[in-house]
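Heads up: the sequence shown at position 67 corresponds to 345 in the numbering used here, and the numbers run straight through without jumps. A virtual CB, placed ideally from N, CA and C, is assigned to each residue, including glycine. Heads up, the thing below is written out as structure tokens.
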Amino acid sequence: MSRQMKALAGLGAAACFALAAAAGPAGADRQSFNDWHVHDGGTGNTDASGLTHRGVSFFPAIFTGGDVAAYKSNPSLLVYCPNATDKTLLHDGAVLGENLRDGVCMNDLYIIHLKSVPDADVGQVPAAWTQVFHETVAGTGYTTFYMLTPH
């Protein structure tokens, strides 16, 4: 391997390491949470780190069989989600058949993939996804599914 190739390979490895370090985990030890929220039973307040504390939502159903106290008392289960800062790129809800939510959140153990689809499309959701929640928005029923990927 030539000297120039070794230098480029080293530079590439350093860049990958720096990118991985900059991305950082979404955990309580992270120093800045701008554009993130945590489902920890909060009331919507934003702390000094920029993290917004929201209600537990349906996450206790996923991780503790619905036991809210057990969910809230285990920091490794608390779910952190990026805010949808790119909402202008998402649908406005006016097109029938569009998903209500698609995205990922995470805790110390898993990446939580989320998808809320109109009830008419539930049959199209792959078998690997698990149903967790149902809601009605503007007269349309939506079912929320999740899939866990271990960290």
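Residue burial classification, residue i (beta-carbon count within 10 angstroms, cutoff 16)
i    : result
V415 : exposed
S354 : exposed
N385 : buried
L356 : buried
P428 : exposed
DSSP three-state assignment for residue i, whether helix, strand or coil
i    : result
D399 : helix
P338 : helix
P360 : strand
T408 : strand
T321 : coil
G417 : coil
Neighbourhood of residue i by C-beta distance below 6 angstroms, restricted to the same chain and skipping five residues each side
i    : result
F411 : F336, T422
D380 : K393
N323 : H331
V382 : I389, H391
K350 : G319
DSSP beta-bridge partners of residue i
i    : result
L426 : I390
D380 : K393
Y349 : Per DSSP, none; premise fails for Y349.
Proximal residues to residue i (C-beta, below 8 angstroms), its chain only, five neighbours per side dropped
i    : result
G328 : S310, F311, N312, D313, W314
Y424 : I340, I390, H391, L392, K393, W407, T408, V410
V334 : H317, D318, G319, V346, Y349, K350
A344 : It should be pointed out that residue 344 corresponds to Gly in this sequence rather than to Ala. So the qualifying residues of the chain are P338.
Sequence-distant residues of the same chain with beta carbon closer than 7 angstroms to residue i, five excluded per side
i    : result
T418 : P396
L426 : Y388, I390
Problem - the segment 311-319 in contact with the segment 390-410 per 3-pair CB rule at 8 angstroms - result: no
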